[in-house]
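Okay, structure first, notes after.
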Amino acid sequence: MRRGREMGKTRTGEREPGLLTQLRRPPGGRDARIMLLAQALDRAGTGVWSAACVLYFTFVVGLDAGQLGLLLGASGVAGIAGSPLAGHLADRFPVRSLLIGTHLLRLGALCLLLVVTDFALLLAVVAVTHLGDRAAKTLEILFATRVAGDRRATYQALSRSSANAGYALGAGLAAIGLAVGTRGAYQVLILADALSFLAAAALVWRTREPRGRGRVTASASASASASDEAPKAPGTAPAGPSPWRDRGYLRFVLLDIPMNLDDSILAIGIPLWLVNHTTAPHELVPAFLVINTVLVVVLQLRVSAKVRGPRQAAGAVALYGLTTLLCCALLAAATGGGAWAASAALLAAAVLATAAELMRSVSSWELAVCLAPREARASYLGVAGMAQSVQKSAGPLLLTGVVMAAGPAGWLALGAGVAGLSLVQRRSSLRRLDRLAAAESAAPATAAA
1 MRRGREMGKT
11 RTGEREPGLL
21 TQLRRPPGGR
31 DARIMLLAQA
41 LDRAGTGVWS
51 AACVLYFTFV
61 VGLDAGQLGL
71 LLGASGVAGI
81 AGSPLAGHLA
91 DRFPVRSLLI
101 GTHLLRLGAL
111 CLLLVVTDFA
121 LLLAVVAVTH
131 LGDRAAKTLE
141 ILFATRVAGD
151 RRATYQALSR
161 SSANAGYALG
171 AGLAAIGLAV
181 GTRGAYQVLI
191 LADALSFLAA
201 AALVWRTREP
211 RGRGRVTASA
221 SASASASDEA
231 PKAPGTAPAG
241 PSPWRDRGYL
251 RFVLLDIPMN
261 LDDSILAIGI
271 PLWLVNHTTA
281 PHELVPAFLV
291 INTVLVVVLQ
301 LRVSAKVRGP
311 RQAAGAVALY
321 GLTTLLCCAL
331 LAAATGGGAW
341 AASAALLAAA
351 VLATAAELMR
361 SVSSWELAVC
371 LAPREARASY
381 LGVAGMAQSV
391 QKSAGPLLLT
401 GVVMAAGPAG
411 WLALGAGVAG
421 LSLVQRRSSL
431 RRLDRLAAAE
441 SAAPATAAA
């Protein structure tokens, strides 16, 4: 007994397991571990292609700036459809099979880039690739939601840490090919990305279909554990409500679009602001990506551990707005001093943008899951995934066409707007959580009567 008490005391006093320990034993066990490896390889390939695609289309294919802008814009629009399409299909077919098919679709589309030079065909190929990218991310979220269960926030943190590490590795490998700069070198980079899709598909094939194939639960009144065990025949229609008719959930998705603006601020806003509006050295630009990657890998797990449950996630949304406001205020102030002051302000803004990303990555996913009715969670999460896709298409245009055109005042207005909307999102989410909790508690009473 004494030994048992000592062991219990030791466990109680233990520190939270580190990143590497939790990667070896993630929520969901073996299948989650395999999926995390698949995501890391996938993102490594994405890092290779993201670093090389603009230069490939410019110097190898020969597209001008207008064609390149149209190509990337059209692909972004196509990507918006990927999330709801994946959610719709996941209500009818196994997530594992759909994810394998998505990886193979991306593999085929990317290989076509080696032989396609016609601009119209390129539009179609790149659009399919981006649609597959967004569909794959949604299916990975559904897989995690079912495998990790209540520990999905921890799984999300591990996923983001491993994905960012993979992306950084891919970008580093791409630098070698870009240094060579030949057509053959660019083709090797494309093949490297394609091979990452093949490897990811092979790893997903080794997993088992997570519980809750199709819908996550059988009915709103059924218990989650019982419904998760109940298999669903592929091809049958879902019995749950449609997210497209749920005004409350659509309001959440709409408000979640500006809650993703940290992505465009970090990738586009801060570098362009440095180059065009400050005296900071241009060599500082790569440091923003380094700061972001390192902080996400190191801190994502700790931040996720602080946010437990949907109500704390709603609170994190408000913190997101405040952090974004402070980030925008620093960017506005970066124009008022010399090179050293501007550099310090921009680096601090990059840290704050990353902090906002850390909170958003936890809050958006947790609320997207918990605000959706159990019986139609797959299709709801598919619609929720559109927020990030829309931001990736509209965010750069907002920053370059409106915010930066207005100067420092534009940044202050953007920060204030995001902060205000974050408070609206928090209040709206808490109200919906209360309504869902009341409905779930009323259901057993109605059944008993």
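My numbering puts the first residue of the sequence shown at 1, with every later residue one more than the last. Idealized CB from N, CA, C, for every residue including glycine. The structure presented is a predicted model; accordingly, all values stated were derived computationally and were not measured.
Exposed unless 16 or more other CB atoms sit within 10 angstroms - verdict on residue i
{"i": "ARG432", "result": "buried"}
{"i": "ASN260", "result": "buried"}
{"i": "LEU121", "result": "exposed"}
{"i": "ARG3", "result": "Low local confidence applies: a pLDDT of 42 at ARG3 is under 50, so the model's placement there is unreliable, and no value is given."}
{"i": "VAL216", "result": "Here the model assigns VAL216 a pLDDT of 39, short of 50, so the residue's position is not dependable, and the following value carries that caveat. With 16 or more Cβ atoms within 10 Å of its Cβ, VAL216 is classed as buried."}
{"i": "SER343", "result": "buried"}
{"i": "PHE59", "result": "exposed"}
{"i": "LEU36", "result": "buried"}
{"i": "THR293", "result": "buried"}
{"i": "ASP64", "result": "exposed"}
{"i": "THR138", "result": "buried"}
{"i": "GLY13", "result": "Low confidence applies here, because GLY13 scores a pLDDT of 43, under 50, leaving its location unreliable and the question unanswered by this model."}
{"i": "GLU229", "result": "Any answer about GLU229 is weak, because its pLDDT of 35 lies below 50 and its placement is not dependable; what the coordinates show is given next. So GLU229 counts as exposed."}
{"i": "GLY309", "result": "exposed"}
{"i": "TRP244", "result": "exposed"}
{"i": "LEU173", "result": "buried"}
{"i": "GLY29", "result": "exposed"}
{"i": "TYR56", "result": "buried"}
{"i": "ARG146", "result": "buried"}
{"i": "GLY336", "result": "exposed"}
{"i": "TRP49", "result": "buried"}
{"i": "SER441", "result": "exposed"}
{"i": "ARG374", "result": "buried"}
{"i": "LYS392", "result": "buried"}
{"i": "VAL369", "result": "buried"}
Cβ-Cβ separation, residue j to residue i (assumed contact under 8 Å), whole Å
{"i": "ALA51", "j": "SER162", "result": "That pair is no contact at about 19 Å."}
{"i": "ALA333", "j": "ALA345", "result": "6 Å"}
{"i": "ALA257", "j": "VAL390", "result": "The residue you asked about is not Ala; residue 257 is Ile in the sequence shown. With a Cβ gap of about 5 Å, ILE257 and VAL390 count as contacting."}
{"i": "GLY170", "j": "ARG43", "result": "7 Å"}
{"i": "SER422", "j": "LEU367", "result": "12 Å between Cβ atoms; not a contact."}
{"i": "THR323", "j": "ALA355", "result": "5 Å"}
{"i": "VAL275", "j": "HIS282", "result": "6 Å"}
{"i": "GLN67", "j": "PHE143", "result": "At roughly 37 Å, the Cβ-Cβ gap does not stay under 8 Å, so GLN67 and PHE143 are not in contact."}
{"i": "VAL253", "j": "ALA384", "result": "5 Å"}
{"i": "ALA157", "j": "LEU301", "result": "4 Å"}
{"i": "VAL125", "j": "LEU105", "result": "About 11 Å; that fails the 8 Å criterion."}
{"i": "LEU381", "j": "ILE141", "result": "6 Å"}
CB of residue i within 8 Å of CB of residue j, strictly
{"i": "ARG96", "j": "THR21", "result": "no"}
{"i": "ALA153", "j": "THR102", "result": "no"}
{"i": "SER76", "j": "SER264", "result": "The question names Ser, yet the displayed sequence has Gly at residue 76. Result no, Cβ atoms of GLY76 and SER264 do not sit closer than 8 Å."}
{"i": "LEU325", "j": "GLY415", "result": "yes"}
{"i": "GLY45", "j": "SER196", "result": "yes"}
{"i": "GLY177", "j": "LEU191", "result": "no"}
{"i": "ALA194", "j": "LEU107", "result": "yes"}
{"i": "LEU347", "j": "ALA287", "result": "yes"}
{"i": "GLY269", "j": "ALA419", "result": "no"}
{"i": "ALA168", "j": "GLY338", "result": "no"}
{"i": "THR117", "j": "VAL61", "result": "yes"}
{"i": "PRO27", "j": "ALA148", "result": "yes"}
{"i": "VAL303", "j": "MET359", "result": "yes"}
{"i": "ASP91", "j": "ALA378", "result": "yes"}
{"i": "ALA255", "j": "GLN425", "result": "A small fix is needed here, since residue 255 is Leu in this sequence, not Ala. Yes, the Cβ-Cβ distance between LEU255 and GLN425 is below 8 Å."}
{"i": "ALA78", "j": "ALA127", "result": "yes"}
{"i": "ALA187", "j": "LEU110", "result": "This sequence places Gln at residue 187; Ala is not what is there. Cβ distance not < 8 Å, so GLN187 and LEU110 don't count as in contact."}
{"i": "SER363", "j": "ALA313", "result": "yes"}
{"i": "MET386", "j": "ILE80", "result": "yes"}
{"i": "VAL204", "j": "ALA329", "result": "no"}
8 Å Cβ cutoff, residue i in contact with chain C
{"i": "VAL125", "result": "Structure shown: chain C not included; a single protein chain is present."}
Proximity test, residue i beta-carbon vs the ligand MN heavy atom, cut-off 7 Å
{"i": "VAL128", "result": "The model depicted lacks the ligand MN and carries no ligand whatsoever."}
Quiz prompt | Contained alpha helix (DSSP H) runs [length at least 4] in the stretch 381-439, N- to C-terminal order | solution = 386-398
Quiz item: For the stretch 308-365, which segments carrying the alpha helix (DSSP H) assignment without a break, of at least 4 residues, lie completely within its bounds, in sequence order?
Solution: Restricted to the stretch 308-365, the alpha helix (DSSP H) segments that are unbroken, complete and at least 4 residues in length are 310-333, listed in chain order.
Quiz item: Along the chain, which unbroken stretches of the alpha helix (DSSP H) at least 4 residues long are found entirely within the stretch 55-113?
Solution: 65-80, 82-90 and 95-112
Quiz item: Can you list the alpha helix (DSSP H) stretches of 4 or more residues lying completely in the stretch 131-189, in chain order?
Solution: If we require 4 residues or more, the alpha helix (DSSP H) runs fully inside the stretch 131-189 come out as 152-180.
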